[in-house]
Amino acid sequence: MIDKFVADVPAALAGIADGAVVLLPGFGNGTPETLVEGLIAQGATDLTLVANSGGRDTGPTADLLATGRVRKLICSYVRPDSVAGRLFAAGKMELEIVPQGTLAERLRAAGAGIQAFYTPTGADTLLAEGRETRIINGRNCLLEYPLAGDVALIDAWEADRWGNLTHRESARNFNPVMAMAAKLTVVQTRHVLPLGGIPPQNVHTPGVFVHRVVHVPGQETTP
Amino acid sequence: MSFRPLDRAGIAARIARDIPEGWFVNLGIGIPTGVSDHVPLDREVIFHSENGVIGAGPAPAPDQVNPYLVNAGTQHITLRTGGAFVHHADSFAIARGGHLDLCVLGAFEVSETGDLANWARAPDEPVKQVGGAMDLAIGAKRLWVAMEHITKGSGGSRLRRVCSYPLTAKGVVKRVYTDLAVLDVTPEGFRVIDMVPGMTPALLQEKTEAKLHWA
């Protein structure tokens with residue numbers, strides 16, 4: 129019997145090593161807050177964190193960054209007045225800025241076995257300095273490589289024991305693409321359904337991309 | 034004769050007038066976010082939000098807030114009937130793949146060749162705020178910019194021969210809506226197609242670093 133449920137958060141996060149690349153979804157909602165708290169308690173350090181933004185002064189991303197255990201942040205957006213902004217300004221954290229669509233596509237490429245792709249996004253900007261560009265169909269394009277994670281922390285609304293998932297409304301955001309891009313994909317789910325309980329045509333993230341699921345009842349995503 | 038500049042809502046309303054039924058439209062953060070408030074509900078325009086919302090609707094009543102439904106500015110919104118949700122890679126496939134009829138973005142500067150600068154005020158600015166702007170700028174069928182004509186404080190013109198701030202994308206802006214005028218970006222440069230009442234060509238040129246052309 130395939131059963132990806134684990135007993136608790138420490139079991140879900142067991143084995144995350146120092147130096148890991150951690151994929152963390154979320155865009156106003158859809159961040160697995162309990163897993164982030166668990167990662168902070170678990171203690172892995174020297175992490176590379178991949179997220180859409182560097183977060184604010186409070187909240188899961190800020191809390192993780194404030195531990196000082198993130199060596200490098202890869203994201204599309206850092207607010208000036210945030211934990212991330214101050215860590216970078218103080219030289220205490222590396223920062224790689226990636227346009228949001230390129231970030232999503234690099235993650236998708238990692239999950240899909242695409243070894244590189246060219247895109248016009250960012251090709252005529254400072255982000256292209258020192259990097260390979262090429263004119264394709266008359267447009268200047270920038271070479272981009274996949275972005276894979278050692279672990280993805282995923283937020284779900286419903287899950288079954290095969291790891292099939294649904295996500296609420298816009299809380300879907302980066303969850304499906306990050307789930308497919310990591311060696312170890314760990315899910316926190318608000319609800320547990322029996323196998324077949326999610327109508328097959330309504331599965332947003334199929335279980336093939338999921339390794340461990342932990343039930344976190346009552347856990348609201350970031351409002 | 035004196036002129037009165039449009040306020041931010043006035044710029045948004047002016048843009049909304051030019052969006053026809055049937056367009057699929059992305060609105061950036063800032064002045065553009067307000068554009069949808071000025072499109073009447075019986076004119077079917079579908080608004081896309083970069084975080085995977087298709088059919089974004091107005092803000093909910095305070096007692097109807099859904100914490101799982103936000104727009105690109107992480108403000109609570111509603112979903113129009115017929116709307117849908119997609120994940121981030123699909124959402125940006127919409128943006129990058131040429132599926133948007135229109136994207137409206139804010140900007141620091143626009144050049145007369147359609148270069149857009151809206152993510153950093155200096156190359157060494159310590160904080161970087163790219164977000165989805167570079168993807169939206171290269172991918173939409175039309176890119177319009179909504180911004181004030183003059184920078185507050187310094188008083189400098191935001192319509193430039195050449196952008197002084199780092200570029201978001203090159204040669205992409207098709208039209209600019211400011212608090213003073215509407216200008217198309219053409220092969221010869223900025224062409225004025227509308228001005229606020231009371232504005233004169235000479236005064237508008239005085240307030241604009243780039244050379245203006247007239248239809």
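Protein sequences appear in the order of chains W and X. The first sequence maps to residues 129 to 351 in the numbering used here. The second sequence maps to residues 34 to 248 in the numbering used here. For every residue, glycine included, the Cβ atom is placed at its ideal position computed from N, Cα and C.
Opening and closing residue of the beta strand (DSSP E) in which residue i lies
i: GLU142 (chain X); result: 142–144
i: THR176 (chain W); result: 175–178
i: ASN303 (chain W); result: Premise fails: ASN303 (chain W) lies in the alpha helix (DSSP H), 303–307, not in any beta strand (DSSP E).
i: GLU224 (chain W); result: 222–225
i: GLN316 (chain W); result: 310–320
i: ALA284 (chain W); result: 277–287
i: ASP227 (chain X); result: 222–228
i: SER82 (chain X); result: 79–82
i: GLU272 (chain W); result: 267–272
i: ALA117 (chain X); result: 111–118
Whole-angstrom distance between residue j and residue i, CA atom to CA atom
i: ASP278 (chain W); j: GLU286 (chain W); result: 24 Å
i: ASP146 (chain W); j: VAL206 (chain W); result: 24 Å
i: ALA117 (chain X); j: VAL178 (chain X); result: 26 Å
i: GLN108 (chain X); j: ALA92 (chain X); result: 8 Å
i: THR313 (chain W); j: ALA190 (chain W); result: 22 Å
i: PRO351 (chain W); j: ALA89 (chain X); result: Low confidence applies to PRO351 (chain W): its pLDDT is 41, below 50, so where it sits in the model is not reliable, and the reading given next is rough at best. For PRO351 (chain W) and ALA89 (chain X), the distance between alpha carbons rounds to 18 Å.
i: VAL206 (chain X); j: ILE326 (chain W); result: 45 Å
i: GLU222 (chain W); j: LEU201 (chain W); result: 6 Å
i: ALA45 (chain X); j: VAL68 (chain X); result: 4 Å
i: LEU281 (chain W); j: VAL72 (chain X); result: 39 Å
i: GLN142 (chain W); j: PRO153 (chain W); result: The residue you asked about is not Gln; residue 142 (chain W) is Ala in the sequence shown. If I take the Cα positions, the gap works out to 20 Å.
i: PRO160 (chain W); j: LYS244 (chain X); result: 52 Å
i: ALA148 (chain W); j: VAL119 (chain X); result: 28 Å
i: THR195 (chain W); j: LEU177 (chain W); result: 13 Å
i: PRO234 (chain X); j: LEU135 (chain X); result: 28 Å
i: GLY61 (chain X); j: MET228 (chain X); result: 23 Å
i: MET308 (chain W); j: VAL134 (chain W); result: 20 Å
i: ALA169 (chain W); j: SER204 (chain W); result: 27 Å
i: ASP123 (chain X); j: VAL78 (chain X); result: 20 Å
i: LEU102 (chain X); j: ALA276 (chain W); result: 28 Å
i: LEU192 (chain W); j: GLU165 (chain W); result: 8 Å
Status (buried if at least 16 other CB within 10 Å, exposed otherwise) for residue i
i: GLY183 (chain W); result: buried
i: GLU145 (chain X); result: buried
i: LYS161 (chain X); result: buried
i: LEU323 (chain W); result: exposed
i: PRO138 (chain W); result: exposed
i: GLU142 (chain X); result: buried
i: LYS311 (chain W); result: exposed
i: ASP40 (chain X); result: exposed
i: THR349 (chain W); result: Here the model assigns THR349 (chain W) a pLDDT of 48, short of 50, so the residue's position is not dependable, and the following value carries that caveat. Result: buried.
i: ILE130 (chain W); result: exposed
i: GLY115 (chain X); result: exposed
i: ASN330 (chain W); result: exposed
i: ILE87 (chain X); result: buried
i: PHE155 (chain W); result: buried
i: PRO304 (chain W); result: buried
i: GLU54 (chain X); result: exposed
i: SER82 (chain X); result: buried
i: THR66 (chain X); result: buried
i: ILE110 (chain X); result: buried
i: LEU149 (chain X); result: buried
Boundaries of the alpha helix (DSSP H) in which residue i is found, first to last residue
i: MET167 (chain X); result: 166–172
i: VAL24 (chain X); result: Because chain X spans 34 through 248 in this model, residue 24 (chain X) falls outside it and cannot be assessed.
i: ARG47 (chain X); result: 41–50
i: GLN170 (chain W); result: 161–170
i: LEU141 (chain W); result: 137–141
i: THR230 (chain W); result: 228–240
i: GLY213 (chain W); result: 211–217
i: THR333 (chain W); result: Element bounds for THR333 (chain W): n/a, residue is neither H nor E.
i: GLY299 (chain W); result: Residue identity differs from the one stated: residue 299 (chain W) is Ala in this sequence, not Gly. Careful: ALA299 (chain W) lies outside any alpha helix (DSSP H) and carries neither H nor E.
i: LEU135 (chain X); result: Premise fails: LEU135 (chain X) lies in the beta strand (DSSP E), 135–139, not in any alpha helix (DSSP H).
i: ARG129 (chain X); result: 121–129
Listed by chain order, chain A residues near residue i by CB distance under 7 Å
i: VAL78 (chain X); result: No chain A appears in the structure shown, which is made up of the protein chains W and X.
Presumed contact (8 Å Cβ cut-off) between residue i and residue j, rounded CB distance
i: VAL58 (chain X); j: GLY147 (chain X); result: No, VAL58 (chain X) and GLY147 (chain X) are not in contact; Cβ-Cβ is about 19 Å, not under 8 Å.
i: ARG318 (chain W); j: LYS132 (chain W); result: So it is not a contact: roughly 16 Å between Cβ atoms.
> Between the stretch 163–182 of chain X and chain W, which residues of the former have a C-beta closer than 7 Å to a C-beta of the latter?
Replying inline: VAL163, GLY164, GLY165, MET167, ASP168 and ILE171
>> Give me the subset of the stretch 105–119 of chain X whose CB atoms are less than 9 Å from a CB atom of chain W, sorted by chain position.
In response: ALA105, GLY106, THR107, GLN108, HIS109, ILE110, LEU112, PHE118 and VAL119
> Closer than 7 Å, Cβ to any Cβ of chain X: which residues of the stretch 248–260 of chain W, in chain order?
Replying inline: PRO248, THR249, GLY250, ASP252, THR253 and LEU254
> In the stretch 185–203 of chain W, which residues sit with their C-beta less than 8 Å from some C-beta in chain X, listed in chain order?
Replying inline: none
> Got a sec: which bits of the stretch 186–217 of chain X sit with their beta carbon under 7 Å from any beta carbon on chain W, in order along the chain?
Replying inline: PRO199, LEU200, THR201, ALA202 and LYS203
> If you measure beta-carbon to beta-carbon, which residues of the stretch 204–230 of chain W are closer than 8 Å to chain X?
Replying inline: SER204, TYR205, VAL206, ARG207, PRO208, GLY213, PHE216, ALA217, LEU223, ILE225, VAL226, PRO227, GLN228, GLY229 and THR230
>> To be precise: take each residue of the stretch 119–147 of chain X, compare its Cβ to all Cβ atoms of chain W, and keep it if any distance is under 9 Å. Which residues remain?
In response: VAL119, HIS120, HIS121, ALA122, ASP123, SER124, PHE125, ALA126, ALA128 and ARG129
>> Along the stretch 324–341 of chain W, where does the CB come closer than 7 Å to a CB of chain X? Name the residues.
In response: none
> Just by C-beta distance, which residues in the stretch 291–303 of chain W are closer than 9 Å to chain X?
Replying inline: HIS295, ARG296, GLU297, SER298, ALA299, ARG300, ASN301, PHE302 and ASN303
> At a Cβ cut of 7 Å, what residues of the stretch 156–186 of chain W count as close to chain X, listed as they run along the chain?
Replying inline: GLY156 and ASN157
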